[in-house]
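Heads up: the structure comes next, in structure tokens.
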DNA sequence: GATTAGCACTTAAAGCGTTTGAGTGCTAAA
DNA sequence: TTTAGCACTCAAACGCTTTAAGTGCTAATC
């Protein structure tokens, strides 16, 4: 999907850039007359028309109809993003806003991601997305039981992705302390670091034997609980913020088109799929039909993943029309995701963050 | 906000009902000619016109313009819902679908509510909402600590609404077992059943003294953790499903109007406000401007709360245009919410559900 | 050979008057 | 009280014209 356009004359580049810049900010097709007054070089409209015709032939521009100006094609945007676009200079105000967030030292990654996405959405005026990943191959690394009052106890499970999950187990009858700690020992012996596929019926009956008559009936619901914990969010969580902003762009004034996109945003799985198959540690830009979800053909998706080691633990980005302020969006996503990445990396070096800022 | 229309002649009722039924299913204004052929009684179009003029004078009907038919006003819908509407007879297929859900014995209330809402949305073709409430005045009833590996431990908090929350505490230094159990005891002594407002600085330093030097630095992050746990979701959670369905109704083809509604759905707090101030144990129907959110003036909100004792623990419902199939929606919401309510009530009687279905 | 002025051509969008048709309100008769 | 009949209203559809922005092409110019 990578295109090489090395054979573009300097002048064509200038013209293409001017067209795209003008179209991004104005939304209207751009004509030759406008360009005569908005190019660093001074050439006549006729020359510009000739150049534009050639750019169109190359697939970089499109014409809504014969008597309209030119509009960038998807390839045009792609070329712009790859080799034309000038880096966006963030204003002090913007940097301030972004820094305020990353300095706020929230603790949970998903909270950070969500507020980062929200901020990004506000600043760029597109819809923000925050992805919170989850290791697909989780196992429980440690079980604990904890009496909780009459007739129930709490099962605490630590998982290999360093999360803690709990589940209340109601048993109608009394369980002695010994039975409970035997149960804990059995769980730790048989189910720790065990993949779900390895849990067979015979293993379960072995556990039931090992745990003794008193608590045998608890094994089954517990195994089910483990199953739920591991399978929950196997695909990760994807949240959006500011979907209503899309409606301000004329490209979504077609209700049918917008409905499709809204559906994809609600269903999540298509976008989740794109995000989870993306490249790590770099900005991902999917312009129009570059993503395979046909209902997103008129949308652009820009995001960057956050990794921990070589695991993708999250992503933030925006979604908007193809006519997007790429320069600003990419700069913002980049800055913010890098900072969050850095926070992640630092956290690893300083695992005692919490005790540190006690004072 | 309650209106009495006892002085409506039987014929007027017939006409009004026919108009509303026709408009709900067809979406178009209803004229006198159509009614001559779709009324149980046979009267001329002129008579119908006279009656319609009077119904309009009473505020039950409206005319988009002089030469159009009549459309129900909000009061018209209100009257319809209160005293005109015929009960909807659910088909076997629908009852089956609903029963399949309530028999599936999911465990967590929010899961049940969400799938119920989803099903309701599918069946009625409007947008579903699921509300998971939260006791506003939660306190922690029990603390447990649990060593978790090197340099960190798990703080388990049971709250008065019978939830369990956990928080990983990273302390860079080693903490002895004695210190940890002393910490646990101190927490249970000072913070159990304590309202957040009662946690003063002097209480904190008292705790720091009581827990001893070794673990004193942990008190502060823990208190912060307690604060987070209690404040989290103080308002409850509100989820929507099938927002894109709204776009199929012509009343939302005005993009500006829909954008407003979409914004309210995303922001959630307005709708949350309505839901949390609603009447318990009955179907709540907010037609158009009956709710105070002006961006929802063209929408109707129908839901019913789920209670536990006298606490509202959830709600399910739908949101759609004022021109809604009230009869069907109300029947569906009612059936489903009652069944969920029953599940709640039964669960209370049989707390050992889980051990029961082990076989 | 590249550039440009000039001009005929194209086309969506806007404007405007007409027609259509559904539906009404009112009057007068039943 | 009901109804037939009729004049009236108005949005929507239709068709026609105008407008304006912008093009492609040709021939002249640099």
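Chains as they are written, first to last, in our numbering: chain A, 63 to 421; chain B, 63 to 421. Positions of the beta carbon are idealized from the N, C-alpha and C atoms, including for glycine. This one's a predicted model, so the numbers in the text were calculated from it and none came from an experiment.
Beta carbon proximity, residue i to chain B, threshold 8 Å
i: residue 228 of chain A; result: yes
i: residue 244 of chain A; result: no
i: residue 218 of chain A; result: yes
i: residue 72 of chain A; result: no
Residue i versus residue j: straight-line alpha-carbon distance, rounded
i: residue 196 of chain B; j: residue 180 of chain B; result: 21 Å
i: residue 207 of chain B; j: residue 231 of chain B; result: 10 Å
i: residue 7 of chain A; j: residue 282 of chain A; result: Residue 7 of chain A is absent from the structure shown; chain A starts at 63 and stops at 421.
i: residue 384 of chain B; j: residue 139 of chain B; result: 8 Å
i: residue 188 of chain A; j: residue 305 of chain A; result: 8 Å
i: residue 271 of chain B; j: residue 291 of chain B; result: 24 Å
i: residue 90 of chain A; j: residue 132 of chain A; result: 9 Å
i: residue 83 of chain A; j: residue 354 of chain B; result: 43 Å
i: residue 100 of chain A; j: residue 107 of chain A; result: 11 Å
i: residue 369 of chain B; j: residue 94 of chain B; result: 46 Å
i: residue 72 of chain A; j: residue 135 of chain A; result: 19 Å
i: residue 300 of chain B; j: residue 358 of chain B; result: 17 Å
i: residue 388 of chain B; j: residue 192 of chain B; result: 19 Å
i: residue 119 of chain B; j: residue 150 of chain B; result: 30 Å
i: residue 92 of chain A; j: residue 325 of chain B; result: 33 Å
i: residue 289 of chain A; j: residue 157 of chain A; result: 44 Å
i: residue 284 of chain A; j: residue 172 of chain B; result: 20 Å
i: residue 361 of chain A; j: residue 364 of chain B; result: 34 Å
i: residue 214 of chain A; j: residue 374 of chain A; result: 37 Å
Minimum Cβ-Cβ distance from residue i to chain A less than 8 Å
i: residue 297 of chain B; result: no
i: residue 78 of chain B; result: no
i: residue 271 of chain B; result: no
i: residue 172 of chain B; result: no
i: residue 306 of chain B; result: yes
i: residue 267 of chain B; result: no
When the options are compared against residue i, the one with the closest alpha-carbon
i: residue 310 of chain A; options: B:129, B:382, B:322, B:276; result: B:322
i: residue 381 of chain A; options: A:297, A:314, A:171; result: A:314
i: residue 293 of chain A; options: A:201, A:242, A:369, A:328; result: A:201
i: residue 69 of chain B; options: B:285, B:172, B:141; result: B:141
i: residue 160 of chain A; options: A:170, A:148, A:175, A:260; result: A:175
i: residue 184 of chain A; options: A:344, A:339, A:303; result: A:303
i: residue 342 of chain B; options: B:396, B:143, B:328, B:327; result: B:396
i: residue 308 of chain B; options: A:86, A:320, A:97; result: A:320
i: residue 379 of chain A; options: A:371, A:163, A:390, A:366; result: A:366
i: residue 371 of chain B; options: B:348, B:351, B:403; result: B:403
i: residue 203 of chain A; options: B:258, B:210, B:203; result: B:210
i: residue 275 of chain A; options: A:245, A:375, A:338, A:284; result: A:245
Boundaries of the beta strand (DSSP E) in which residue i is found, first to last residue
i: residue 373 of chain B; result: 373 to 383
i: residue 74 of chain A; result: Segment 72 to 88 is the alpha helix (DSSP H) holding residue 74 of chain A; no beta strand (DSSP E) there.
i: residue 349 of chain B; result: 346 to 349
i: residue 103 of chain B; result: Looking at the DSSP string, residue 103 of chain B is not in any beta strand (DSSP E), and its letter there is neither H nor E.
i: residue 229 of chain A; result: 226 to 232
i: residue 301 of chain B; result: 299 to 303
i: residue 365 of chain A; result: 361 to 370
i: residue 215 of chain A; result: 214 to 221
i: residue 442 of chain B; result: This structure cannot settle anything about residue 442 of chain B, because the visible part of chain B is limited to 63 through 421.
N-terminal and C-terminal residue of the alpha helix (DSSP H) that residue i is part of
i: residue 422 of chain B; result: It is not possible to answer for residue 422 of chain B, since the shown part of chain B is limited to 63 through 421.
i: residue 317 of chain B; result: 317 to 329
i: residue 478 of chain B; result: For residue 478 of chain B there is no data in the structure shown, the boundaries of chain B being 63 and 421.
i: residue 203 of chain A; result: First-last for residue 203 of chain A: 202 to 209, but that is the beta strand (DSSP E), not the alpha helix (DSSP H).
i: residue 181 of chain A; result: 171 to 186
i: residue 118 of chain A; result: 107 to 119
i: residue 154 of chain A; result: 154 to 165
i: residue 142 of chain B; result: Taken as a continuous stretch (DSSP letters only), residue 142 of chain B belongs to no alpha helix (DSSP H), as it is neither H nor E.
Report task. Check each residue of the region 188 to 210 of chain B: if its Cβ is closer than 7 Å to any Cβ of chain A, include it; give the result in chain order. Result -> 206, 208, 210
Query - Near-chain A residues of the region 325 to 343 of chain B (beta-carbon distance less than 8 Å), N- to C-terminal order - result: Residues 325, 328.
Query raised in the report: Given a limit of 9 Å on CB to CB distance, which residues of the region 309 to 322 of chain B reach chain A?
Result: 309, 310, 314, 315, 317, 318, 320, 321, 322
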